[in-house]
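Undergrad: In this note's numbering, the protein residues as written are 1034 to 1220. C-beta atoms are modelled at their ideal positions from N, C-alpha and C, and glycine is treated no differently.
Below, the structure is given as structure tokens:
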């Protein structure tokens, strides 16, 4: 913890660094690492956001929920960055349950990443259209607080490409059509 404390302090000393973000699966895979002492140290470095990665509702255990609660109690906001994984969470019901589970433990669903094309992970790569269909159903059925941004993280420094459902196109993939009355006005 001393090394992390020193490192976070050094980052905060950089004039243009305004907010710190930590990304770690520790709350999910090693929840006992999120100790009250660690949380107190992190609190000294606020503003700081903690991004974790729950990929399935079964990863939300009493221990992982308690780890997130310790961070939240210390004033450290916790966000989630899931990865769409074929055979793990690539269906509407599983993703909905994960997002509602995160909401119940006060963890903000932030990103849903399309699985990166990393060697050895082809069997986990769901089709982008699968993710789009899941997101379209989610947009129509769950609270906005539960909706992550579905993105493709481009290699290099090209950033993230949002992958949003095409709900405003005149004709959708399911054959339904939207119509817009041009004369309609909002008061």
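List the endpoints of the continuous beta strand (DSSP E) containing residue 1186.
TA: Residue 1186 -> beta strand (DSSP E) spans 1182 to 1186.
Undergrad: May I ask which residues mark the beginning and end of the alpha helix (DSSP H) holding residue 1161?
TA: 1161 to 1174 is the extent of the alpha helix (DSSP H) around residue 1161.
Undergrad: Pull up the DSSP beta-bridge partners for residue 1085, would you.
TA: In the DSSP output, where bridge partners are listed per residue, residue 1085 has 1113.
Undergrad: Give me, in chain order, the residues of the same chain whose beta-carbon lies closer than 8 Å to that of residue 1058; leave out the 5 immediate sequence neighbours on both sides.
TA: Cβ neighbours of residue 1058 beyond the five flanking positions: 1085, 1086.
Undergrad: Does the distance from the CB of residue 1178 to the CB of residue 1161 come in under 9 Å?
TA: It is not a contact, given that the beta carbons lie outside the stated cut-off.
Undergrad: With a threshold of 6 Å on Cβ separation, who are the neighbours of residue 1193 within its own chain once the five nearest residues in sequence on each side are excluded?
TA: For residue 1193, where only same-chain residues beyond five positions count, the Cβ hits under 6 Å are 1184, 1186.
Undergrad: Taking residue 1045 as part of the beta strand (DSSP E), name the residues at either end of that continuous run.
TA: From DSSP, residue 1045 is part of no beta strand (DSSP E) but of the alpha helix (DSSP H) over 1035 to 1045.
Undergrad: So residue 1052 and residue 1080 are supposed to be a Cβ contact under 8 Å. How far apart are they, rounded?
TA: 5 Å between Cβ atoms; contact.
Undergrad: By the 10 Å Cβ neighbour count, where 16 or more other Cβ atoms means buried, how is residue 1065 classified, buried or exposed?
TA: Exposed.
Undergrad: With a CB to CB cut of under 8 Å and the five nearest residues on each side skipped, what residues in its chain are close to residue 1094?
TA: Within the same chain, residue 1094 has close Cβ partners 1064.
Undergrad: Do you know how far the Cα of residue 1091 is from the Cα of residue 1235?
TA: The structure shown does not extend to residue 1235, since the chain is modelled only from 1034 through 1220, so no value can be given for it.
Undergrad: Under 8 Å: do the region 1120 to 1133 and the region 1101 to 1108 share three or more Cβ pairs, one atom per stretch?
TA: Touching, no.
Undergrad: Using the Cβ count rule (16 or more neighbours within 10 Å means buried), how would you classify residue 1150?
TA: Residue 1150 is exposed by the Cβ-count criterion.
Undergrad: List the endpoints of the continuous alpha helix (DSSP H) containing residue 1134.
TA: Per DSSP, residue 1134 belongs to the alpha helix (DSSP H) from 1125 to 1137.
Undergrad: With DSSP run on the structure shown, which of helix, strand or coil describes residue 1177?
TA: Of the three classes helix, strand and coil, the one that applies to residue 1177 here is helix, per DSSP.
Undergrad: What is the DSSP secondary structure of residue 1158, counted as helix, strand or coil?
TA: Three-state result, residue 1158: strand.
Undergrad: Could you tell me whether the Cβ atoms of residue 1147 and residue 1116 are closer together than 9 Å?
TA: In this structure, residue 1116 lies closer than 9 Å to residue 1147 by Cβ.
Undergrad: Please say whether residue 1165 and residue 1114 have beta carbons closer to each other than 9 Å?
TA: Cβ distance not < 9 Å, so residue 1114 and residue 1165 don't count as in contact.
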